[in-house]
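A quick write-up on the structure given underneath.
Number of protein chains: 2
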Amino acid sequence: MISGERFSVIYHLQGNEQEAYAKAQDICVEQTVEYPYELLAPGFIKDEIVGRIESFVPLHDKQGYQAVISYAIELTANELTQLLNVVFGNISIKPGILVDKLILPDSLFNAFKGPRFGRAGLRQLLGVYERPLLFAAIKPMGLTSVQLADIVYQCALGGIDIIKDDHGLSNQPFAPFEERITLCGEAVQKANGETGRNSIYMPNINAPANEILSRAKFAKQAGAGGLLAAPGLIGLDTMRWLADEDELGLPIISHPAFQGSYITSAAYGFGFSHYALYGQISRLAGADAVVYPNFGGRFSFSIDECRNIVRGTEDGMGHLKSIFPSPGGGMTIERIPELLDVYGREVILLMGGGLFKQGRNLVQNCQDFLTLVEKV
Amino acid sequence: MISGERFSVIYHLQGNEQEAYAKAQDICVEQTVEYPYELLAPGFIKDEIVGRIESFVPLHDKQGYQAVISYAIELTANELTQLLNVVFGNISIKPGILVDKLILPDSLFNAFKGPRFGRAGLRQLLGVYERPLLFAAIKPMGLTSVQLADIVYQCALGGIDIIKDDHGLSNQPFAPFEERITLCGEAVQKANGETGRNSIYMPNINAPANEILSRAKFAKQAGAGGLLAAPGLIGLDTMRWLADEDELGLPIISHPAFQGSYITSAAYGFGFSHYALYGQISRLAGADAVVYPNFGGRFSFSIDECRNIVRGTEDGMGHLKSIFPSPGGGMTIERIPELLDVYGREVILLMGGGLFKQGRNLVQNCQDFLTLVEKV
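Now the structure itself:
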């Protein structure tokens, strides 16, 4: 029943050596048997089920210690929910524990399909192979479906590759889901007919759990080219499900709403590293791109944290495809050259309010955005 | 399209007066239109869609400020996912913002069914009206289904009211889901036949999103008397869905795994208050009881935080039923009298490893547990 294969998690632990080591020992028990260790008889459970401290060393660039703890792969039942539970279930409630990185064997990667499209697949879908991809959001909430569809049309006309619902648009009376998706789907097709591009419209699928699949199917039929999902709101495994559904077969972009406490905590030594949450876990959960707050915007991510996210989107993870980092939040046309320096070509640049800020001619603003990135 | 009715959120904001007020203004925009405020024309969107600061005062018992911000109820689309998104979506990624309390009008409470059983319904189901309820977990992971079912049997024989899967048991090869649920369901029925009690077995339903409903239905058919759900793993709205499903009609107990970052953050001035997360939000999401780490155990909750959770489970929330607080984690027989002093009768006491620690006779340990609470 046990293959002997194990996966590992790199944890950062706060405290002095003794305290941090006690935390490591505690993790081994808390995340597995959750049972008085002294009562375990010698044998299978003690040897194979309880986590194992593989290494324990001081962190060199900050306070605290790094522990590598391994677990039998069978503990995960090949389920994302249970994998996450082993990695950070109960210990998420204990202070001073941060998940820095997952180290999974191929056998465990093979339990997950991962991103359906990934970087290469998304480029093929959009027919854009050389430059960064352009991403815009329709807003503000309160506009009618007709007004929002017109924004989709103008963005697509101006050369934006992916035009998404603002992540707060769900099924409000101002722009009900089915009406909005129908009109926006038509708008992007009309624009594509004029430009010859393959721009896609990506509706927001954050919805009641029992309606998500039917909304996604409706969206596909109405011409949506992908789905925007906030795993903090709908659950990481629900996003994985949407990605895996062959009947949908749509690219998924992950939005960070309601997921922030896992990452804002990192500054205090708990939660997840940017690398693990936005990179590794987003890929395990099937996202083809991951939106996160860009450095220097109205959020507080540093340039190094953003670089770690990029690494997390492309470092080797068995058969799992590389995905696009998609920095957003406070992005403006003026900042594009700086961002291209940092991110290069393999990025989806999300400009929200900034596109509207430039001037009153949205099509022209989009074209300016496109012109800037075509220079790369 | 706008009724004029609004709901409010009490936020705690870090910083000096100017910084905290800037945060409040930012929340009003970030959580609604997410659009350059200066570009909004006078009228409907600016007046009705953007959040409104209703009050702003210093916190009296700690650093920082309290802002009450109101939003049009229509922003939520009557969906829990979108309600949570308005309350704490993007701003979860910004430091120094804590959700202290939700204040919803009846019209919004009426959009949610809330707990199906609540305190009174759960008592009726179990046939226990006067004393605290007893709750145990079958463990450690690695035991076979036969062994786990025997623990269910012994616990039920000893008088435990609710016997749950350890929250790490999903579908591992040691005790596969259907086999385990079948045997444990039989075990509790056998014990009930002998004791005349209505003890229930509650399987863990943390599972892949596309399998949750079928597992829940299987569990019900196999004699499960309720479901254990960790909303941090499956999504808060997925728990709400399980609670709402008439075809299931089972009580739900919420487990805090993987949800900890929202609450460990509270000590640093961001995330959720214990009152809001474990109390209010658990009830909106349909839980009939909420498990949380007890004060003085191996986690770090204070007695005041636990008292706030209790208040959150019973304070008025429109038609939503009161639910049981269910403290657990490091609980032992010795601590029961102290806990009864703090919690009184309206509590579900969860003893995990502690029940096994007492001695080798599990039935006797359970009986001791029961005898102690019957003294209340």
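Taken in sequence, the protein lines are chains A and B.
The numbers in numbering that gives the first Met the number 0 rise by one with no breaks, and the one at position 300 of the first sequence is 299.
The numbers in numbering that gives the first Met the number 0 rise by one with no breaks, and the one at position 113 of the second sequence is 112.
Where is the CB? At the ideal position from N, CA and C, for every residue including glycine.
A:H166 belongs to the set of residues whose beta carbon lies under 8 Å from a beta carbon in chain B. Taking 8 Å as the upper bound on Cβ-Cβ separation, chain A lies near residues F43, I44, E47 and I48 of the segment 42–69 of chain B.
Using a Cβ-Cβ distance cut-off of 8 Å, the segment 14–24 of chain B and the segment 127–147 of chain A are not in contact, since fewer than three pairs of beta carbons, one from each stretch, lie closer than that value. Residues of chain B with a Cβ closer than 7 Å to the Cβ of A:Q171 are, in chain order, E73, L74 and A76. Chain-order list of chain B residues neighbouring A:V289: empty, with the shortest C-beta distance near 13 Å, by a criterion of under 9 Å. Boundaries for B:V67: no alpha helix (DSSP H) harbours it, while the beta strand (DSSP E) harbouring it runs Y64 to A71, taken from the DSSP string. Two segments are said to touch when three or more pairs of C-beta atoms, one from each, lie closer than 8 Å; by this definition the segment 131–149 of chain A touches the segment 347–361 of chain A. Not one beta carbon of chain B lies nearer than 8 Å to the beta carbon of A:Q153.
Contact between the segment 319–330 of chain B and the segment 104–124 of chain B is present: three or more C-beta pairs spanning the two stretches fall below 8 Å. Relative to the Cα of B:E73, the nearest Cα in the group B:V85, B:A66, B:Q62 and B:Q65 belongs to B:V85. Measuring C-alpha to C-alpha distances from A:L361 to each of A:R344, A:E337 and A:I332 identifies A:I332 as the nearest. A contact between stretches requires three or more CB pairs, one per stretch, nearer than 8 Å, and the segment 246–260 of chain B meets this requirement with the segment 281–293 of chain B.
Taking a cut-off of 8 Å for Cβ pairs, the segment 144–151 of chain B and the segment 271–284 of chain B do not touch, as fewer than three such pairs fall below it.
Each residue's CA atom was taken as its position, placing B:I161 and B:R239 some 21 Å apart.
The beta carbons of B:L83 and B:L235 sit about 7 Å from each other, so the pair counts as a contact at 8 Å. Contact annotation: the segment 206–215 of chain B does not touch the segment 182–198 of chain B, with fewer than three C-beta pairs closer than 8 Å. Taking 8 Å as the upper bound for CB-CB distance, B:M140 and A:V32 are in contact here, some 6 Å apart. Annotation for A:G95: L12, Q13, G14, K22, G268 and F269 place their beta carbon closer than 7 Å to its own, counting only its chain and skipping 5 residues before and after. Distance from the CA atom of A:C305 to the CA atom of A:V290, rounded to whole angstroms, is 11 Å. If the five residues before and after A:I44 are omitted, its C-beta is found closer than 7 Å to the C-beta atoms of V32, all from its own chain and listed in chain order. With a threshold of 8 Å between beta carbons, A:K93 makes contact with chain B.
Remark: C-beta atoms of A:K219 and A:L182 do not approach each other more closely than 8 Å.
Here the alpha carbon of B:L124 sits roughly 7 Å from the alpha carbon of B:N197.
Judged by DSSP secondary structure, A:M350 falls within the beta strand (DSSP E) whose first and last residues are I347 to M350. Under a criterion of Cβ atoms nearer than 7 Å, the residues of chain B adjacent to A:A206 are, in order, E78 and T80. Scanning the segment 173–252 of chain B for uninterrupted alpha helix (DSSP H) segments of 4 residues or longer gives 176–194, 211–220, 230–233 and 235–243, listed from N- to C-terminal end.
Interface flag for A:K138 against chain B is set, since a Cβ pair is found closer than 8 Å. A straight line joining the alpha-carbon of A:I335 with that of A:E178 spans about 34 Å. Nearest to A:T312 by C-alpha distance, out of A:I280, A:D340 and A:H166, is A:I280. Between B:I92 and A:G259 a beta carbon distance of about 3 Å is seen, short of the 8 Å cut, so the two are scored as contacting. The Cβ atoms of A:F368 and B:L38 lie no closer than 8 Å to each other.
A:V28 is classed as buried because its beta carbon has at least 16 other beta carbons within 10 Å across all chains shown. Neighbours of B:Y267 in chain A, taken as residues whose beta carbon is under 7 Å from its own, are Y267 in chain order.
Setting aside the 5 residues that flank it on each side, A:I150 is surrounded in the same chain by I137, each with a C-beta closer than 6 Å to its C-beta; the list follows chain order. Non-local beta-carbon contacts of B:F55 in its own chain, meaning distances under 7 Å to residues more than five positions away in sequence, involve Y20, A23, Y64 and A66 in chain order. B:I68 is a Cβ neighbour of B:I52, given a cutoff of 8 Å.
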